[in-house]
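Trainee: Adding 5 to a residue's 1-based position in the sequence shown gives its number in this note's numbering.
I have a structure I would like to understand better, so I am pasting it below and will then ask my questions one at a time.
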Amino acid sequence: MTFIHDISPTLLSFGGLEIRWYGLLFAVGIMLTYFFIRWVFQKQKYPLDKLDSVVLFLFFGLVIGARLGHVFFYEWDYFSAQPLEILKIWNGGLASHGAAIGLFVAYFAWCKINKVKFSQYIDALVLGMPITAGFVRLGNFFNSEILGNLTGSDYGVIFERVGETLPRHPVQLYSAFMNFLVFAILFVVYKKS
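Here is the structure:
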């Protein structure tokens with residue numbers, strides 16, 4: 006059964022303010038990841054003041070890396086002509102591979118500043134990352150972006166809102182599922198170790 010996707014990317018709108026599915030799901034993913042990593046830190050008896058410090062670095066690394074990834078990998082011509090537009094993150098444009106680079110650089114910088122070995126907290130931090138990644142992919146689905154290949158199968162999605170007329174694989178949902186599965190596997194392995 007093919008699904009016609011014409012869901013608005015805007016969840017709520019009042020006045021000039023919009024709450025979009027993508028932003029909400031991104032925020033939920035970050036919050037759940039934070040609480041999970043906090044739980045791991047407590048279980049490992051890591052100092053919680055280190056957690057708050059590193060999470061702040063990681064948050065900025067994530068956002069800045071995701072934005073710059075989009076700028077450099079997808080729309081360099083546009084942003085190089087209008088560099089102030091880079092700051093208008095509310096207009097959209099994030100890239101997950103840029104986010105990964107930003108997270109790595111931020112954690113590396115945090116380790117150097119705090120004189121901490123790179124390996125000291127990395128296991129605890131990495132455990133929760135698939136949570137945020139899964140929620141971001143759900144946000145991509147609501148935004149009708151990152152479209153899959155055409156399919157003749159019964160589980161295709163027609164992304165009508167962006168002008169598609171043929172069913173495509175909902176790769177955003179596949180990716181969300183895989184991220185949540187990776188998290189579940191990592192969690193089981195962590196609990197057994």
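Positions of the beta carbon are idealized from the N, C-alpha and C atoms, including for glycine.
Enumerated in chain order, which unbroken segments of the beta strand (DSSP E) with a length of 3 residues or greater are wholly contained in the segment 116-181?
Mentor: Qualifying beta strand (DSSP E) stretches, in chain order: 162-164.
Trainee: Can you say whether His-102 is buried or exposed, counting buried as having 16 or more other CB atoms within 10 angstroms of its CB?
Mentor: Exposed, by the Cβ-count rule.
Trainee: Which two residues bound the contiguous beta strand (DSSP E) that contains Ile-24?
Mentor: Here the beta strand (DSSP E) through Ile-24 covers 22-25.
Trainee: Assuming Leu-16 and Ile-24 form a contact by the criterion Cβ under 8 Å, report the distance between their Cβ atoms to the nearest whole angstrom.
Mentor: 5 Å between Cβ atoms; contact.
Trainee: Between which two residues does the alpha helix (DSSP H) containing Ser-13 stretch?
Mentor: Per DSSP, Ser-13 belongs to no alpha helix (DSSP H) and is neither H nor E.
Trainee: Note down the Cα distance separating Phe-40 from Ile-91, rounded to an integer number of angstroms.
Mentor: Using only the alpha carbons, I get a separation of about 30 Å.
Trainee: How many angstroms separate the CA atom of Lys-202 from the CA atom of Arg-166?
Mentor: Look at the range of the chain in this structure, 6 to 198, and you will see that residue 202 is not part of it.
Trainee: With 16 other CB atoms within 10 Å as the buried threshold, where does Thr-38 fall?
Mentor: Under this definition Thr-38 is a buried residue.
Trainee: Look up Ser-198 in the DSSP assignment and say whether it is helix, strand or coil.
Mentor: Ser-198: coil per DSSP, three-state reduction.
Trainee: Check whether the Cβ atoms of Leu-108 and Tyr-195 sit closer than 8 Å, and answer yes or no.
Mentor: No, these two residues do not count as a Cβ contact at 8 Å.
Trainee: Would you list the one or two residues that DSSP bridges to Ser-18?
Mentor: DSSP lists Glu-23 as partners of Ser-18.
Trainee: On a Cα-Cα basis, can you pick out the residue from Leu-30, Ser-18, Lys-117 that is closest to Ser-58?
Mentor: The shortest C-alpha separation from Ser-58 is found at Lys-117.
Trainee: Please state whether the Cβ-Cβ distance between Ile-151 and Asn-145 is less than 8 Å.
Mentor: Yes, these two residues count as a Cβ contact at 8 Å.
Trainee: Whose CA, out of Ile-190, Gly-139, Tyr-27, lies closest to the CA of Ser-180?
Mentor: Nearest C-alpha to Ser-180: Gly-139.
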